[in-house]
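Chemist:
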Amino acid sequence: MSGGAAKIPVRVAEVTEVNALIRRIRFVRRDGGPMPAFSGGAHTVVEMDDHGTRRLNPYSLMGDPADTTGYSISVRRDDAGRGGSLYLHRHVVPGMDMVISHPVNLFALDLRAKKHLMIAGGIGITPFLAQIAQLAALGGRFELHYATRNPALCAYGDELTARYGGRVHLYHDDAGQMITLPALLAGQPLGTHLYVCGPKGMIRWVRSTADSAGWPRAAVHHEEFLAPPPGKAFDVTLAASGKTLTVGTHQSLLEAIEAAGVDAPYLCRGGACGQCETDVLGCDGTIRHNDHWLTEAQKASGQKIMPCVSRFEGRSLVLDR
Amino acid sequence: MTKTDFPPSILSRPTYGVLSPRPGPAHLLIADGAGAGAVLDLLGAADAGMAGGSHLIYLPGPDGTDRTAELAALALAQFHRAPSFAAALPRLRKVLGDAHMGVQIYLAGSEGLIGQAQREVMEAGLPHDAVQTEHRGSWVRRVQCVHCKGITENVATDPFLCSHCGLALFVRDHYSRRIAAFQGVNIDAEDPGSVPPPVEKFR
Ligand code: FES
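If you read the sequences in order, they're chains D and R.
Residues 3 to 323 in this note's numbering are what the first sequence spells out, letter by letter.
Residues 47 to 249 in this note's numbering are what the second sequence spells out, letter by letter.
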């Protein structure tokens, strides 16, 4: 399948349990060569053969971008998820051969900023680890506010505090600690850029608070990968390839297209990058748009769909694929 | 005067909107000449609180328009009149240096003023589209000679003679945000001496 970014054959070099929910996996190239360079905020798509089910999940690269000897990701176990994180937690062991994609960055630092203000929630810390390493090497000014449930689940909190001291602020929900966002935003010097990565509710809260505090949209960056939501099975016709197929309840439209042997474009597989955008040629029913890419007007027009996360309910759907 | 309509052009050519009040802890307004009208309209449309949080820097327009008296009568937190952009620059830089995120920035008047103020805002680290702009009044252009790099202000004709190196320059719509100027390219480089008569294109 060549739909996404180019592939890298890798071997699992290390597996580390970071805490009760998070494990870190380090990949090196099977041929021993250096990994492609990346910038803080980039992710890789990890391919998994989960006992016959092909899974491709994006994970942020958390290592120092200056280190091209390998890539590290941190995976939070999601017991209620579709199974990608469970597979990585249960079946991946050092020495195993896997395939990952070249890095793609949808959450890059804007290096024209005078200061970088980072808000992380839970596993949302991972892209910031790479960004902070990059900024520290450049002498860039940053400040991290990182919220987790409690100290035991505050992955990398101690390392960050040890290395960057007062630039790192940790908050623990169990102790009733909250980021005082309006005050934090009000005190930022002109030229600050804001970055947020974490749960959906946190991203929404940070973006809307920044909006009402008068922050320009282009100075507020966020990253949220959606998992393809399950839904009722539906049929889809691929006009260009002349195939009709059924998308299963726990399958995404993109996965069904790929399973039918049709090459479809993608990068993030999480409704964020725009790469999978597909023209709708016929639609008798309702498209369930789940992406962050199409505008409201495009969604309403019913002429575009993002197969990585969006679904369909109704009589018939015909795509230009 | 109402909103200026520019003929459609290449993407590089800046376009402008209409200032509208946006919530924010502070408001910085920079205007020249006929841009005073946009400032008056903006404050007229805003709720009464905006004036008390506004800092206005105003200079006369390239065509001499000077509505200082009307602006001075607005009860703004701060009003500063400068004779030129160069004279206003130290204050503008100080204001931007002391400002916090959330400040709303409004630019109105000639393209030269809007472009140069926008460049300062970008230097301060804000995205270029984080400011509101409204063109009013004169269309004269600030043009950089791509050969000698000298900048000629208030160019009204096309072609025109570079005020630095003297070459006859064709005025392009190709604009540099970093230099805050349109690009002027020698019009008779291939065929020296064949310079079409200048036409007043930017009034
Ligand atoms: S693959 Fe990125 S939006 Fe669908």
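Just so you know, even glycine gets a beta-carbon here, dropped at the ideal spot from N, CA and C.
Are the stretch 174-187 of chain D and the stretch 204-216 of chain D touching by the rule of at least three beta carbon pairs closer than 8 Å?
Modeler: As far as the Cβ criterion goes, the stretch 174-187 of chain D touches the stretch 204-216 of chain D, which means the pair count is three or higher.
Chemist: For residue 34 of chain D, collect the residues of the same chain with a Cβ closer than 7 Å to its Cβ; drop the 5 residues on either side in sequence, then sort them by chain order.
Modeler: Closer than 7 Å at the Cβ level, and outside the excluded window around residue 34 of chain D, lies no residue.
Chemist: Check whether the Cβ atoms of residue 105 of chain R and residue 136 of chain R lie closer than 8 Å to each other.
Modeler: No. Outside cutoff.
Chemist: For the ligand FES, I want to know if residue 293 of chain D counts as a neighbour, meaning its beta carbon is within less than 7 Å of at least one of the ligand's heavy atoms.
Modeler: Yes, since a heavy atom of the ligand FES falls inside the 7 Å radius drawn around the Cβ of residue 293 of chain D.
Chemist: Are there any heavy atoms of the ligand FES lying less than 7 Å away from the beta-carbon of residue 300 of chain D, as far as the coordinates show?
Modeler: Answer for residue 300 of chain D: no, Cβ out of range of the ligand FES.
Chemist: Can you grab the Cα-Cα spacing for the pair residue 307 of chain D / residue 48 of chain D, in whole Å?
Modeler: Going by the C-alpha atoms only, they are around 24 Å apart.
Chemist: Between R/178, R/229 and R/72, which has its C-alpha nearest residue 84 of chain R's C-alpha?
Modeler: Among R/178, R/229 and R/72, the Cα nearest to that of residue 84 of chain R is on R/178.
Chemist: Between which residues of its own chain and residue 67 of chain R is the CB-CB distance below 7 Å, once the five residues before and five after are set aside?
Modeler: Result list for residue 67 of chain R: 88, 91, 92 and 96, in chain order.
Chemist: Run through the DSSP bridge pairs and tell me what residue 284 of chain D is partnered with.
Modeler: For residue 284 of chain D, which the question treats as bridged, DSSP gives the partners D/320.
Chemist: Less than 8 Å between CB atoms is the rule here; does residue 146 of chain R satisfy it with respect to chain D?
Modeler: With 8 Å as the cut-off, residue 146 of chain R counts as an interface residue toward chain D.
Chemist: Measure the C-alpha to C-alpha separation of residue 55 of chain D and residue 226 of chain R and round it to an integer number of angstroms.
Modeler: Approximately 56 Å, taken between the alpha carbons.
Chemist: For chain D, check one thing: does any of its Cβ atoms lie closer than 8 Å to the Cβ of residue 149 of chain R?
Modeler: Closer than 8 Å to some Cβ of chain D, the Cβ of residue 149 of chain R qualifies, so yes.
Chemist: Quick check on this structure: which residue in R/242, R/181 and R/195 has the alpha carbon closest to the alpha carbon of residue 204 of chain R?
Modeler: Nearest C-alpha to residue 204 of chain R: R/242.
Chemist: Whose Cβ in chain R lies nearer than 7 Å to the Cβ of residue 114 of chain D?
Modeler: Correct list: 171.
Chemist: Does DSSP classify residue 248 of chain D as helix, strand or coil?
Modeler: Residue 248 of chain D falls in the strand class under three-state DSSP.
Chemist: Would you list the residues sitting across from residue 198 of chain R in a DSSP beta bridge?
Modeler: In DSSP, residue 198 of chain R forms a bridge with R/189.
Chemist: Could you tell me how far apart the beta carbons of residue 199 of chain R and residue 161 of chain R are, in whole angstroms, since I believe they sit closer than 8 Å?
Modeler: Not really, about 11 Å apart at Cβ, beyond 8 Å.
Chemist: Should residue 249 of chain R go down as buried or exposed, given a rule of 16 or more other Cβ atoms within 10 Å for buried?
Modeler: Answer is exposed; the Cβ neighbour count stays below 16.
Chemist: Can you pull the chain R residues whose beta carbon is under 7 Å from the beta carbon of residue 190 of chain D, in chain order?
Modeler: 146 and 147, listed in chain order.
Chemist: Who are the near neighbours of residue 123 of chain R in its chain, counting only those whose CB is closer than 7 Å to its CB and skipping five residues on each side?
Modeler: Excluding positions up to five away in sequence, the list reads 98, 99, 100 and 101.
Chemist: When burial is assigned at 16 or more other CB atoms within 10 Å of the CB, is residue 56 of chain R buried or exposed?
Modeler: Per the 10 Å Cβ criterion, exposed.
Chemist: By a C-beta neighbour count over all protein chains shown, 10 Å radius and 16 as the cutoff for buried, is residue 40 of chain D buried or exposed?
Modeler: The residue in question, residue 40 of chain D, is buried, as its Cβ has 16 or more Cβ neighbours within 10 Å.
Chemist: Could you list the residues in the stretch 209-228 of chain D with a C-beta less than 7 Å from some C-beta on chain R, going in chain order?
Modeler: The stretch 209-228 of chain D vs chain R, Cβ under 7 Å: 214, 215, 216, 217, 218, 220 and 221.
Chemist: Which of the three DSSP states, helix, strand or coil, is assigned to residue 133 of chain R?
Modeler: In the structure shown, residue 133 of chain R sits in a helix (DSSP, three-state: H, G or I).
Chemist: Excluding the 5 residues preceding and the 5 following residue 84 of chain D in the sequence, name in chain order all residues of the same chain whose CB lies nearer than 8 Å to its CB.
Modeler: Around residue 84 of chain D: 57, 229, 230, 232 and 252.
Chemist: Mind checking whether residue 13 of chain D and residue 26 of chain D have CB atoms under 8 Å apart?
Modeler: Taking 8 Å as the Cβ cut-off, residue 13 of chain D and residue 26 of chain D do not qualify as a contacting pair.
Chemist: For a test of your reading of the model: does the CB of residue 269 of chain D fall under 7 Å from any non-hydrogen atom of the ligand FES? Yes or no.
Modeler: Answer for residue 269 of chain D: yes, Cβ within range of the ligand FES.
Chemist: Using a C-beta cutoff of 8 Å, does residue 193 of chain D count as contacting chain R?
Modeler: Closer than 8 Å to some Cβ of chain R, the Cβ of residue 193 of chain D qualifies, so yes.
Chemist: Would you check whether the ligand FES has a heavy atom nearer than 7 Å to the C-beta of residue 43 of chain D?
Modeler: No, the beta carbon of residue 43 of chain D sits no closer than 7 Å to any heavy atom of the ligand FES.
Chemist: Thinking just about the alpha-carbon of each residue, which of R/146, R/156, R/138 and R/192 is nearest to the one in residue 166 of chain R?
Modeler: It is R/138 whose Cα lies nearest to the Cα of residue 166 of chain R.
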